[in-house]
Each structure stands twice: as C-alpha cells, then as structure tokens.
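Down below is the structure, laid out as structure tokens.
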C-alpha cells in the first residue's frame with residue numbers, strides 16, 4: 169500500500185508499518201518497558217522525519233515540512249555536531265567564512281537543504297549586521 173500523506177497521519181496509528189527505530193525495530197515490536205531498549209532506539213529516523221515532512225506539506229504547512237526535512241538530514245549526525253552548529257548559528261557567534269565552512273561540511277554530509285539554510289542565514293546576518301566581527 170502506497171503512502172498517502174493526506175490520510176496516513178498519524179503514522180504510528182495509521183501506518184505503523186512505515187515506522188522503524190534507527191536499529192530497524194518495527195514500531196509494533198518496540199516495547200518501552202522491556203529490557204534491552206537503548207535510548208538510540210527512541211530517536212526518529214530520517215525516513216520517518218521525511219514522511220512527517222510529506223504529511224506537513226500535504227497539510228499546507230510548508231515551513232514545518234522544511235524544518236522536518238532539515239531534521240531528517242541532521243538526524244544521523246552526533247549530538248555534539250548539532251550543538252556546535254546551533255551555537256554557530258546564533259547571532260554574532262560566527263563570521264561569514266565560518267558559516268560558509270559549516271555549509272560546505274553540511275554539503276559533504278549530504279545535508280544540502282540544511283547547507284542552503286546556513287548560507288541563507290549568513291546572508292541575512294550580513295544584511296542585518298549580525299555576523300561576528
């Protein structure tokens with residue numbers, strides 16, 4: 169059965185067959201109260217985040233969909249890297265060159281949408297005087 173973003177939401181209730189943990193455990197096989205469930209298994213996968221983006225876009229929520237696409241790109245990166253990027257994007261924390269370097273790294277990691285977001289942030293920060301000196 170094909171995924172229909174306009175009728176398959178919420179995924180956990182209507183299409184649990186599409187939801188898996190990062191380790192590949194099917195949603196209906198996941199037991200939160202059982203032994204052996206690692207915290208990594210409780211994270212959303214890039215695939216699930218992309219499906220949620222499709223649902224948001226089908227519902228006319230383009231900005232939320234874009235956020236979920238970026239989340240899907242970043243889902244496999246280490247937490248420390250995400251926190252470094254978050255800090256770098258704070259106003260007056262990074263120069264244009266530093267944000268450009270982040271965008272290049274993101275492109276190398278296959279996170280093209282997030283890289284474009286960082287480039288756009290650098291441009292807006294430059295226009296508003298929010299880059300680091």
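In our numbering, the protein residues as written are 169 to 301.
Glycine included, each C-beta is placed from N, C-alpha and C at the ideal position.
**OP:** Determine the extent of the alpha helix (DSSP H) in which residue 184 is found, giving its start and end residues.
**Re:** Along the chain shown, read from residue 1 onward, the residue named residue 184 stands at position 16. It is not in any alpha helix (DSSP H) - residue 184 carries neither H nor E in the DSSP assignment.
**OP:** Using the Cα positions of residue 248 and residue 236, report the straight-line distance between them to the nearest angstrom.
**Re:** Residue 248 sits at position 80 when you count from the first residue of the chain shown. Residue 236 sits at position 68 when you count from the first residue of the chain shown. The straight-line gap from Cα to Cα measures roughly 20 Å.
Subject >> Pairwise C-alpha distance: residue 299 and residue 125 >> reply: Past the boundaries of the shown model lies residue 125; the chain is included only from 169 to 301, so the question cannot be answered.
Original post:
Would residue 216 be called buried (16 or more neighbouring beta carbons within 10 Å of its own) or exposed?
Top reply: Start at 1 with the first residue of the chain shown, and residue 216 comes out as number 48. Label assigned to residue 216: buried.
**OP:** Please name the residue or residues paired with residue 284 in a DSSP beta bridge.
**Re:** For the purposes of this step, residue 284 is identified with residue 116 of the chain shown, where counting begins at 1. For residue 284, no pairing in a beta bridge is given by DSSP.
Original post:
Any contact of the stretch 172 to 186 with the stretch 218 to 238, i.e. 3+ C-beta pairs under 8 Å?
Top reply: Between the stretch 172 to 186 and the stretch 218 to 238 there are three or more inter-stretch CB-CB distances shorter than 8 Å, so the stretches are counted as touching.
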